[in-house]
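> Pasting a structure below so you can have a look.
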Amino acid sequence: TRETNVDVRPAEVDCAGLSLFSVAHPGGRNNFTGEVGFQLTPIREVAVTHLGRPVRSSSGLIKQTLTVRLWSASTHAVVASADVGPDAPMDGHYHYTALDSPVTLCAGQAYRLTQSCTSGMHDQWQDSGNHSSAFVAGEHFQFQGGVYGGRGQYP
Numbered sequence: 001t002r003e004t005n006v007d008v009r010p011a012e013v014d015c016a017g018l019s020l021f022s023v024a025h026p027g028g029r030n031n032f033t034g035e036v037g038f039q040l041t042p043i044r045e046v047a048v049t050h051l052g053r054p055v056r057s058s059s060g061l062i063k064q065t066l067t068v069r070l071w072s073a074s075t076h077a078v079v080a081s082a083d084v085g086p087d088a089p090m091d092g093h094y095h096y097t098a099l100d101s102p103v104t105l106c107a108g109q110a111y112r113l114t115q116s117c118t119s120g121m122h123d124q125w126q127d128s129g130n131h132s133s134a135f136v137a138g139e140h141f142q143f144q145g146g147v148y149g150g151r152g153q154y155p
């Protein structure tokens, strides 16, 4: 989702622990059931080692464990997923869960990063239209806006 964050390590550049956004937006929505997130395209090959989500929502510290998914935009397949909740390790303003093995994102191919949301859930999310100005990973990714779709389905 727009609130997710990845730990990335491009093959040619060491950027361990790179945050995609300058701030963790707490969000104020919880009125949709499905996948909520954004699309991005790596500028160079990138290895993803962790998936994460913000420590806080507008309703306070997160209380729920949600599935965070990384999708291939070309195949619509899930290339990585992790359950991330309040018990996951924290780094800065995000909780992270390590992947069993790194996933390589190919330069120039689009991917979608989402979290599974439920209408009425405690942990609110940011509306997908409000994050481009806070995107700080432009050296490594092109940010391409928000996405959403049915729960567990390609957004």
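All residue numbers for the sequence shown refer to full-length UniProt numbering, where the first residue is 1 and numbers rise by one.
Even glycine gets a Cβ: it sits at the ideal position worked out from N, Cα and C.
So for T118, helix, strand or coil by DSSP?
Three-state result, T118: coil.
> Report the rounded CA-to-CA distance for M90 versus S74, giving the unit in angstroms.
Each residue's Cα considered, the two are about 32 Å apart.
> Please identify the residue among G92, Q126, V103 whose C-alpha is closest to the C-alpha of G145.
With distances taken between Cα atoms, G145 lies closest to Q126.
> Between G28 and the rest of its own chain, which residues show a CB-CB distance below 6 Å, the 5 nearest in sequence each way excluded?
Excluding sequence neighbours, G28 sits near S58, Q124.
> Distance check for V68 and I62, CA to CA, integer angstroms please.
In a straight line, the C-alpha of I62 is about 14 Å away from that of V68.
> Please go through the same chain and pick out, in chain order, the residues whose beta-carbon is closer than 6 Å to the beta-carbon of V103, but skip the five residues on each side of it.
For V103, where only same-chain residues beyond five positions count, the Cβ hits under 6 Å are V48, V79, A80.
> Counting along the chain, where does the beta strand (DSSP E) carrying Y154 start and finish?
Y154 -> no beta strand (DSSP E), and no H or E assigned at all.
> Run the CB neighbour count on A82, radius 10 Å, all protein chains shown included, and call it buried at 16 or more, exposed below.
A82 is buried by the Cβ-count criterion.
> Quick one: is H50 buried, meaning 16 or more other Cβ sit within 10 Å of its Cβ, or exposed?
By the neighbour-count rule (16 or more Cβ atoms within 10 Å), H50 is buried.
> Could you check if residue 182 is buried or exposed, using at least 16 other CB atoms within 10 Å of its CB as the buried criterion?
Residue 182 falls outside the range modelled here, since the chain spans only 1 to 155, and no answer is possible.
> Within 10 angstroms of the Cβ of H122, are there 16 or more other Cβ atoms? Answer buried if so, exposed if not.
So H122 ends up on the exposed side.
> Applying the 10 Å Cβ sphere with the 16-neighbour rule, what's the burial state of V8?
Because the pLDDT at V8 is just 45, under 50, the model does not fix this residue reliably, and the value given afterwards should be weighed accordingly. Flag for V8 reads buried.
> Which same chain residues, not among the five before or five after G149, have their C-beta less than 7 Å away from its C-beta?
So the list reads G34, E35, P155, once near-sequence residues are dropped.
> On the DSSP letters alone, give me the boundaries of the beta strand (DSSP E) that A107 sits inside.
Where A107 is concerned, there is no enclosing beta strand (DSSP E), given that its DSSP letter is neither H nor E.
> Does DSSP classify Q39 as helix, strand or coil?
It is a strand residue.
> Grab the span of the beta strand (DSSP E) containing G52 for me, first residue to last.
Start and end: 46 to 54.
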